[in-house]
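Here's the structure, in structure tokens; my notes come after.
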Amino acid sequence: MTMKVNGYAAKSAKEALGPYSFERREARPDDVVIKILYCGVCHSDLHNARNDWGRTLYPVVPGHEIIGVVESVGKNVSKFKKGDHVGVGCMVDSCRECEPCKHDLEQYCENGATYTYGGHDRHDHMPTYGGYSEKIVVADRFVLKIPSGLDLKGAAPLLCAGITTWSPLHHWNVKKGSKVAVVGLGGLGHMALKLANALGAEVTLLTRSPGKEADARRLGAHKVVISTDKTQMDSVKNKFELIIDTVPYVHDLNPYIPALATSGTIVLVGYLGPLEPMLNTAPMIMGRKSVAGSLIGGIAETQEMLDFCGRNGITSDVEVINMKDINAAYERMLKSDVKYRFVIDMASLKA
Ligand code: NAP
Ligand code: ZN
């Protein structure tokens, strides 16, 4: 027995998203059935819908910043009950046995984590479909508790934008007084500013867009540097212990390396692919500087981030949209015209 669910899908890289009905599995003993209330719109949704990474399985129902309410649970589930507010991020399963999985790093599962959309369930091999839909069925181990008191629509982007920026802040031990920079003020960038500021870091935004300064300061930046202005970039030479680069497309990394302090790290979370122009290793070698990458975060780490946000009242700045406006939202996202995350009100799917 499966259940029929309505959602929105892209049927090819060239087509706009439109209504799509599909089947979800009936709850297994460890499953949670979730009625989706809100779903954030990540730039990865756009990359997937348009096959930017060349591996999209169509039709694709995007959406991995899911907030909902528990509708029912399987007989082995004790952690969640009907009526709880819960979240689902980018993963819905992993092998649970490899070294990364055993160390709460399911995102680096050596056998491949099961992504919330665009993957296949490990048991019944049905395609996974994401949060641009009415309901989702997820194993309890991959369901997150949403701290009470957090605004639900503002909490949705924590499930991807929040954890993707929290994980490197955490891994590189950012604390009070750390000097951190964030490249790009979009969905991930604005969460990086908020989280780094809340951890007590001295935070700088490196942006191409002069118009974002006031917002950046409101969101937690202490300083704003226009990344295309060499004089401004020279003013932050040897400064940052950590730079989190959220830019989604290929871009020149060379201007950022001199801004790293000795032993500093620039961690790429946005662009996936070969760098162009090539990276000059000389300034890295001369200052023991690293270029690294980072993927979302594990489930336990995601819960820690949510709990931190609950204690500190941190949510995303969102613009709520109706499901039918998703294609226009993608076009605005491409123009960096988002303040600072679109979130779909899933009640609008029925309208
Ligand atoms: P977004 O909201 O569109 O923000 C991206 C920001 O990057 C823009 O606001 C802009 O900031 C800057 N930017 C955009 N295009 C640029 C270009 N061509 N050159 C230089 N700067 C540019 O996107 P997002 O949702 O934050 O996602 C960012 C990237 O992270 C996407 O590629 C997404 O797929 C990826 N992602 C990765 C993970 C992971 O686990 N690693 C998780 C989620 C998302 P300014 O105007 O301030 O310069
Ligand atoms: Zn995402």
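Numbering of the sequence shown is given in this note's numbering, commencing with residue 5 and proceeding in unit increments.
By construction, the Cβ of each residue, glycine as well, lies at the ideal position given by its N, Cα and C atoms.
First and last residue of the uninterrupted beta strand (DSSP E) at residue i
i: residue 230; result: 227-230
i: residue 23; result: 22-29
i: residue 48; result: Premise fails: residue 48 lies in the alpha helix (DSSP H), 47-53, not in any beta strand (DSSP E).
i: residue 7; result: 6-13
i: residue 245; result: 244-249
i: residue 296; result: 294-297
i: residue 265; result: 264-272
i: residue 348; result: 345-349
Nearest residue (CA-CA) to residue i, options the options
i: residue 33; options: 50, 60 and 83; result: 83
i: residue 167; options: 296, 319 and 7; result: 319
i: residue 137; options: 265, 273 and 23; result: 23
i: residue 251; options: 207, 232, 296 and 190; result: 190
i: residue 218; options: 194, 26 and 324; result: 194
i: residue 232; options: 148, 146, 187 and 94; result: 187
i: residue 256; options: 245, 267 and 282; result: 282
i: residue 66; options: 91, 39, 133 and 59; result: 133
i: residue 346; options: 171, 333 and 114; result: 333
i: residue 148; options: 92, 179, 8 and 26; result: 92
i: residue 114; options: 342, 120, 205 and 104; result: 104
The ligand NAP heavy atom lying under 7 Å from the CB of residue i
i: residue 322; result: no
i: residue 252; result: yes
i: residue 255; result: yes
i: residue 274; result: yes
i: residue 98; result: no
i: residue 175; result: no
i: residue 216; result: yes
i: residue 168; result: yes
i: residue 212; result: yes
i: residue 189; result: yes
i: residue 184; result: no
i: residue 193; result: yes
i: residue 41; result: no
i: residue 147; result: no
i: residue 298; result: yes
i: residue 337; result: yes
i: residue 342; result: yes
i: residue 51; result: yes
Any C-beta of chain B under 8 Å from that of residue i
i: residue 134; result: Of the protein chains in the structure, only one exists, and it is not chain B.
Residue span of the alpha helix (DSSP H) that contains residue i, given as start and end
i: residue 237; result: 234-238
i: residue 219; result: 217-223
i: residue 286; result: 286-291
Let me know the alpha helix (DSSP H) ranges lying completely inside the stretch 55-111, each 4 residues or longer, listed in chain order. 103-106
Starting from the N-terminal end, write out each residue whose C-beta falls within a distance shorter than 5 Å of any non-hydrogen atom of the ligand ZN. For the ligand ZN, the selected residues are 46, 48 and 164.
Ignoring anything shorter than 4 residues or poking outside the stretch 142-205, list the alpha helix (DSSP H) runs there in chain order. 156-159, 165-175 and 191-202
Go through the stretch 310-341 residue by residue and report every complete run of the beta strand (DSSP E) that reaches 3 residues or more, in order. The qualifying runs are 322-325.
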